[in-house]
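This report refers to the structure that appears directly beneath it.
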Amino acid sequence: MPLLQVLCIRLSIKAARNKTRTKPNGDCIFNSYKDGDLCRDCPTGYYGTNCTDKCKHPTFGRLCSETCDCSVCHHILGCISTAVNIADASTTALTGTSFTFTGIRHVLSP
-2 MPLLQVLCIR LSIKAARNKT RTKPNGDCIF NSYKDGDLCR DCPTGYYGTN CTDKCKHPTF
58 GRLCSETCDC SVCHHILGCI STAVNIADAS TTALTGTSFT FTGIRHVLSP
């Protein structure tokens, strides 16, 4: 398939997706926001008209569709537990720092 046809098809699909997020008056639908001439889905952790509302406890994630099972719930990441060891307080270097985000564990190394 020629490159020009592929490009036209991709642009048509992109335009069709944007139309589904746009009201007849040009405003964005609920759970989307205006980005230039486009309406985009709310970023993770946000919802509502123009995506101005953060997910409220105990919900988090894309369109607040996930549920936390903890007392402190981050609107984007969910349950967070941190363990911090400070190696040198004068340089504020963090060594052996670990974060757990709802089943995802990441350890920062020096």
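Numbering-wise (my numbering), the sequence shown opens with residue -2 and increments by one. Heads up, the beta-carbon is just placed ideally off N, CA and C, and yes, glycines get one too.
- Secondary structure note for Arg18: it is in no beta strand (DSSP E), with a DSSP letter that is neither H nor E.
- Bounds of the beta strand (DSSP E) holding Ser29 are Ser29 to Asp32.
- Annotation for Arg37: the continuous beta strand (DSSP E) segment containing it runs Leu35 to Asp38.
- Residue state for Cys61 is assigned as helix, using DSSP reduced to three classes.
- The C-beta of Gly42 has 16 or more other C-beta atoms within 10 Å across all chains shown, which makes the residue buried.
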